[in-house]
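Numbering of the sequence shown is given in the numbering used here, commencing with residue 323 and proceeding in unit increments.
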Amino acid sequence: MDLILNIVAGIIVLIIGAVIGKQIERCVKYFVGWRAFARALSFNTNKEIIYAYGSIPPGEKDNKVIVQQGDVYALLVGFQTINTLFDSEKILIQDGGTLGANISLHPNVLSISGPKWNPGTRHLLGKIGAPIKFIKDPKGILVYPSQSQGKERVFEIEREAGQLVKVCYGVIFNGSIRNTSGTEQHVLICCGVTTVSTSACLLYLSSLFKSKDEFKDLKHKGLLKENKWGLLLRVENHTKQDSINDPLQEINVNSFVEKVFYEKDFLTPYVYE
323 MDLILNIVAG IIVLIIGAVI GKQIERCVKY FVGWRAFARA LSFNTNKEII
373 YAYGSIPPGE KDNKVIVQQG DVYALLVGFQ TINTLFDSEK ILIQDGGTLG
423 ANISLHPNVL SISGPKWNPG TRHLLGKIGA PIKFIKDPKG ILVYPSQSQG
473 KERVFEIERE AGQLVKVCYG VIFNGSIRNT SGTEQHVLIC CGVTTVSTSA
523 CLLYLSSLFK SKDEFKDLKH KGLLKENKWG LLLRVENHTK QDSINDPLQE
573 INVNSFVEKV FYEKDFLTPY VYE
């Protein structure tokens, strides 16, 4: 009987040890992944992070600033990610319309929403030399050729009958630039043709942190060694809507990297118009 009890006790100890060991391994992998991903975003972790969002400015009929439901959803997704990676007390959420060009005065900036509704995004796209432009006709993203090689290409949103949006596009740009005072500024831009694709960019950013395969893929591409890098995402929009009606309901999208931007692909700083 004593022998059986000893064997059972030994098995229990082994099981507990294996479980604890597995949890320790997961914690180590999580910490290493967290550190690696935080470094990949190039933020100065000792400084505050400005989180700028897009808004609709006051008009003739409404004298209030309006934030679209889709931008609220994107704002929530992005905050969950950077709040996990960085000290929440250093994250300051501000209206990009209020910041405008003054967004360059801050050491760390995450700017979401496209250049139409977020002047902060518009300013930073030019400062970082983003090789793209959002266009209206056809509605999509125009990508400039690298170093005057190749041709301009338009990634146009795809619609089904009834004007439902089947495929849309978004971009992620990350890098360090010199701001107006000559000091280094760390910039992350996530924006799309629609609020759905803007949200998809932030969901993809979150997946890089959570998925080792996604993150390793970026490392294998050599992106994380670049001073500037970017991604053009193709977003399969299963919601079929231009915008998001409920910011608390998870959207149904699949995102794929359509194009990778290396530092050599970026333009010299310009004024985005």
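Ideal Cβ placement from N, Cα and C applies to all residues, glycine included.
message: Using C-beta distances below 6 angstroms, list every residue in its chain close to Val593, excluding the 5 sequence neighbours before and after it, in chain order.
response: Translated into positions along the sequence shown, residue 593 becomes position 271. If we look at Val593 and ignore the five residues flanking it on each side, its Cβ neighbours are Gly448.
message: I believe Ile372 touches Ile425 by the beta-carbon criterion, under 8 angstroms. Please report the beta-carbon distance rounded to the nearest angstrom.
response: As a working note, residue 372 is residue 50 in the sequence shown. As a working note, residue 425 is residue 103 in the sequence shown. Between Ile425 and Ile372 the Cβ distance is about 7 angstroms, and since that is below 8 angstroms, they are a contact.
- request: Report the rounded CA-to-CA distance for Leu589 versus Ser468, giving the unit in angstroms.
  value: By one-based count along the sequence shown, residue 589 stands at place 267. By one-based count along the sequence shown, residue 468 stands at place 146. CA-CA distance, Leu589 to Ser468, rounds to 8 angstroms.
query: Ser435 and Gly484: beta carbons closer than 8 angstroms?
result: As a first step, residue 435 must be located in the sequence shown, where it is residue number 113. As a first step, residue 484 must be located in the sequence shown, where it is residue number 162. Result no, Cβ atoms of Ser435 and Gly484 do not sit closer than 8 angstroms.
task: Can you give me the start and stop residues for the alpha helix (DSSP H) that Tyr395 sits inside?
output: Locating residue 395 in the sequence shown gives position 73, where the first residue counts as 1. Looking at the DSSP string, the run of the alpha helix (DSSP H) that includes Tyr395 is 391 to 407.
field: Chain-order list of residues whose beta-carbon lies under 7 angstroms from that of Arg481 (same chain, five-residue window excluded)
entry: In the sequence shown, the residue the question calls residue 481 occupies position 159. Same-chain partners within the cutoff: Val487, Lys488.
task: Could you pull the start and end residues of the beta strand (DSSP E) that Gln432 belongs to?
output: By 1-based counting over the sequence shown, the position of residue 432 is 110. Per the sequence presented here, residue 432 reads as Leu, with Gln not at that position. Taken as a continuous stretch (DSSP letters only), the beta strand (DSSP E) holding Leu432 covers 430 to 434.
- prompt: Are the CB atoms of Gly462 and Asn440 nearer to each other than 8 angstroms?
  reply: Within the sequence shown, residue 462 is the residue found at index 140, counting from 1. Within the sequence shown, residue 440 is the residue found at index 118, counting from 1. No. Outside cutoff.
- request: Have a look at Phe353 and Lys532 and give me their C-alpha separation to the nearest angstrom.
  value: On the sequence shown, position 31 is the one that residue 353 refers to. On the sequence shown, position 210 is the one that residue 532 refers to. Any reading at Phe353 must be qualified, since the residue scores a pLDDT of 40, below 50, and its modelled position is unreliable; no value is offered.
field: Residue nearest to Arg444 in terms of C-alpha spacing, selected from Asn405, Arg475, Leu545, Leu510
entry: To locate residue 444, count along the sequence shown from 1; it is residue 122. Among Asn405, Arg475, Leu545, Leu510, the Cα nearest to that of Arg444 is on Leu510.
- prompt: Can Ser565 and Val493 be called in contact, C-beta distance under 8 angstroms?
  reply: Within the sequence shown, residue 565 is the residue found at index 243, counting from 1. Within the sequence shown, residue 493 is the residue found at index 171, counting from 1. In this structure, the beta-carbon distance from Ser565 to Val493 does not fall below 8 angstroms.
field: Residues near Asn549 by beta carbon distance below 7 angstroms, same chain, minus five either side
entry: Taking the first residue of the sequence shown as 1, we reach residue 549 at position 227. Excluding sequence neighbours, Asn549 sits near Gly497, Ser498, Glu585.
message: As a quick exercise: from Thr406, Ser521, Gly400, Glu506, pick the residue whose alpha carbon is nearest that of Asn430.
response: By 1-based counting over the sequence shown, the position of residue 430 is 108. Out of Thr406, Ser521, Gly400, Glu506, Glu506 has the C-alpha closest to the C-alpha of Asn430.
message: Measuring alpha carbon to alpha carbon, tell me which residue in Tyr526, Glu558, Val575 is nearest Gly400.
response: The count along the sequence shown starts at 1 and reaches residue 400 at position 78. Taking only the C-alpha atoms, the option nearest Gly400 is Tyr526.
- prompt: Which residues in the same chain as Gly392 place their Cβ atom closer than 6 angstroms to its Cβ, once the five residues preceding and following it in sequence are excluded?
  reply: To locate residue 392, count along the sequence shown from 1; it is residue 70. Result list for Gly392: Thr517, Ser565, Ile566, in chain order.
- request: Flag this pair as yes or no: are the beta carbons of Phe583 and Gly552 separated by less than 8 angstroms?
  value: As a working mapping, residue 583 is identified with position 261 in the sequence shown. As a working mapping, residue 552 is identified with position 230 in the sequence shown. Cβ distance < 8 angstroms, so Phe583 and Gly552 count as in contact.
query: In chain order, which alpha helix (DSSP H) runs of at least 4 residues are fully inside the stretch 488 to 540?
result: Runs of the alpha helix (DSSP H) inside the stretch 488 to 540: 517 to 532.
query: In whole angstroms, what is the alpha-carbon distance linking Pro591 and Ala452?
result: Against the sequence shown, residue 591 aligns to sequence position 269. Against the sequence shown, residue 452 aligns to sequence position 130. Going from the Cα of Pro591 to the Cα of Ala452 covers about 8 angstroms.
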